[in-house]
Amino acid sequence: MGAADAMISSTPFITVAFTGWLVTLLTRRPDAQGRLRYALARRTSCKDLIEALGVPHTEVGSLWLGEGREIPFSHIPRANELLTVCPHQPPVDLSRPSLLRPALLAKPRFLADANVAKLARKLRMCGFDTAYDPGWHDAALAGLAASQERILLSRDRGLLKRGKVHFGLLIREEAPARQLGEVLHFFGLAGALRPYSRCIRCNGELAPVAKEEILPLLEPLTRRYYHAFQRCRGCGQIYWPGSHRQEMTRFLSTLRHYQPLPY
Ligand SMILES: [Zn+2]
Numbered sequence: 006m007g008a009a010d011a012m013i014s015s016t017p018f019i020t021v022a023f024t025g026w027l028v029t030l031l032t033r034r035p036d037a038q039g040r041l042r043y044a045l046a047r048r049t050s051c052k053d054l055i056e057a058l059g060v061p062h063t064e065v066g067s068l069w070l071g072e073g074r075e076i077p078f079s080h081i082p083r084a085n086e087l088l089t090v091c092p093h094q095p096p097v098d099l100s101r102p103s104l105l106r107p108a109l110l111a112k113p114r115f116l117a118d119a120n121v122a123k124l125a126r127k128l129r130m131c132g133f134d135t136a137y138d139p140g141w142h143d144a145a146l147a148g149l150a151a152s153q154e155r156i157l158l159s160r161d162r163g164l165l166k167r168g169k170v171h172f173g174l175l176i177r178e179e180a181p182a183r184q185l186g187e188v189l190h191f192f193g194l195a196g197a198l199r200p201y202s203r204c205i206r207c208n209g210e211l212a213p214v215a216k217e218e219i220l221p222l223l224e225p226l227t228r229r230y231y232h233a234f235q236r237c238r239g240c241g242q243i244y245w246p247g248s249h250r251q252e253m254t255r256f257l258s259t260l261r262h263y264q265p266l267p268y
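Residue numbers (our numbering): 6 to 268.
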């Protein structure tokens, strides 16, 4: 055995097995069972190791050592260990603590990256608290996700790998209406829609307002045909049943036919 062979054989390795759809995120080709050998060149946590292989920690539902001991992200793997990385199984309830996410979210509140802007609008239309501003860059988004305890929605894996992001979801669907289906299915929120309760422009809550109070602001036809109005507590935008109704009807029908992605 030459010196080079001796060096290779003495490098400690672990085996990492990815299951479900997580296999599709890997930056290295695994074997038929979704397994990879990983060289432990330095002391590294499970979180960093999994992310080095391409999978953001937000997409991991549970982590197992050997034959079935559940472990946290902070576990430091040792030579010859077998680590199994499993995806979430929807519906995911973040108000229940888990070993990977001991912090709780009392209720789902979202934060949308600029790459899912239309999804943000649809979530607001369905009544879900969704912060969004196209000017927020990655560091600001990660900071807000942490300080406001929001679920960060993004198509950017790098952003979701940031340590400050505790709750997040990598959006896989392309079309905004299907992205909404993806989020509602993932968090089990299909029964929690509250249409016309939140401002699409600014995320503010809507409150009923008397027609007489806003009469000068209404177009003649709206004034004639509509009698129930709401006003945004944030920006003052006026809403009535006719506004955005077509868009709402269209995507509610898309939601009914939504076929969930594999997990
Ligand atoms: Zn508003």
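Virtual Cβ for every residue (Gly too), placed ideally from N, Cα, C. Bear in mind the structure is a predicted one, so any value in this text is a computation, not a measurement.
Q: Go to Ala215, then tell me how far its beta strand (DSSP E) extends in each direction, as first and last residue.
A: Residue numbering aside, residue 215 sits at position 210 when the sequence shown is read from its first letter. From DSSP, Ala215 is part of no beta strand (DSSP E); its letter is neither H nor E.
Q: Give a single yes or no on whether Gly239 has its beta carbon closer than 7 Å to a heavy atom of ligand 1.
A: Here residue 239 is taken as the residue at index 234 of the sequence shown, counted from 1. For ligand 1, at least one heavy atom lies less than 7 Å from the Cβ of Gly239.
Q: Measure how close the beta-carbons of Phe172 and Leu110 come, nearest whole angstrom, since I'm counting them as under 8 Å.
A: What you label residue 172 is simply residue 167 of the sequence shown in a count that begins at 1. What you label residue 110 is simply residue 105 of the sequence shown in a count that begins at 1. Indeed they touch by this definition, with Cβ atoms about 6 Å apart.
Q) What are the complete alpha helix (DSSP H) segments, minimum 4 residues, inside the region 170-213? A) 181-192
Q) How is Leu45 classed by DSSP in three states: helix, strand or coil? A) In the sequence shown, the residue the question calls residue 45 occupies position 40. In this structure, Leu45 counts as coil in the three-state DSSP scheme.
Q. What did DSSP end up calling Arg83 once you bin it into helix, strand or coil?
A. Translated into the one-based positions of the sequence shown, residue 83 becomes position 78. In this structure, Arg83 counts as coil in the three-state DSSP scheme.
Q.
Rounded to whole angstroms, what is the Cα-Cα separation between Val97 and Leu124?
A. Working through the sequence shown from its first residue, we reach residue 97 at position 92. Working through the sequence shown from its first residue, we reach residue 124 at position 119. Roughly 19 Å separates the two Cα atoms.
Q: Assuming Gly186 and Thr259 form a contact by the criterion Cβ under 8 Å, report the distance between their Cβ atoms to the nearest whole angstrom.
A: Position 181 of the sequence shown holds residue 186. Position 254 of the sequence shown holds residue 259. Confirmed, about 7 Å.
Q. Ser100: which of Ala180, Thr32, Lys112 sits nearest, CA to CA?
A. Against the sequence shown, residue 100 aligns to sequence position 95. Closest by alpha carbon: Lys112.
Q | For Arg256, the residue or residues it bridges with in DSSP | A | Here residue 256 is taken as the residue at index 251 of the sequence shown, counted from 1. Just to set this straight, residue 256 is Phe in the shown sequence, not Arg. DSSP output for Phe256 lists no bridge partner at all.
Q) Under 8 Å, do Ala151 and Lys169 count as touching if we go by C-beta distance? A) The residue labelled residue 151 in the question sits at position 146 within the sequence shown. The residue labelled residue 169 in the question sits at position 164 within the sequence shown. Their beta carbons are under 8 Å apart, which means Ala151 touches Lys169 by this criterion.
Q.
Taking the straight line between their C-alpha atoms, what separation do you get for Ala44 and Glu56?
A. Residue mapping note: residue 44 aligns to position 39 of the sequence shown, counting from 1. Residue mapping note: residue 56 aligns to position 51 of the sequence shown, counting from 1. So the two alpha carbons sit approximately 14 Å from each other.
Q: Determine the closest residue to Gly196 out of Gly132, Ala108, Ala182, Phe234, with distance taken between C-alpha atoms.
A: Position 191 of the sequence shown, counting from 1, holds the residue named residue 196. Nearest of Gly132, Ala108, Ala182, Phe234 to Gly196, Cα basis: Gly132.
**Q.** Buried versus exposed call for Tyr5 [16 or more other C-beta atoms within 10 Å across all chains shown]
**A.** Nothing can be reported for residue 5, as the shown portion of the chain is limited to 6 through 268.
Q) When every heavy atom of ligand 1 is checked, does at least one fall within less than 7 Å of the C-beta of Arg206? A) Here residue 206 refers to the residue found at position 201 of the sequence shown. Checking the Cβ of Arg206 against ligand 1 gives yes.
Q. For Thr20, does the three-state DSSP call read helix, strand or coil?
A. Position 15 of the sequence shown, counting from 1, holds the residue named residue 20. Reduced to three states, the DSSP call for Thr20 is strand.
Q.
Is the separation between the beta-carbon of Asn85 and that of Ile19 shorter than 8 Å?
A. For the purposes of this step, residue 85 is identified with residue 80 of the sequence shown, where counting begins at 1. For the purposes of this step, residue 19 is identified with residue 14 of the sequence shown, where counting begins at 1. Yes, the Cβ-Cβ distance between Asn85 and Ile19 is below 8 Å.
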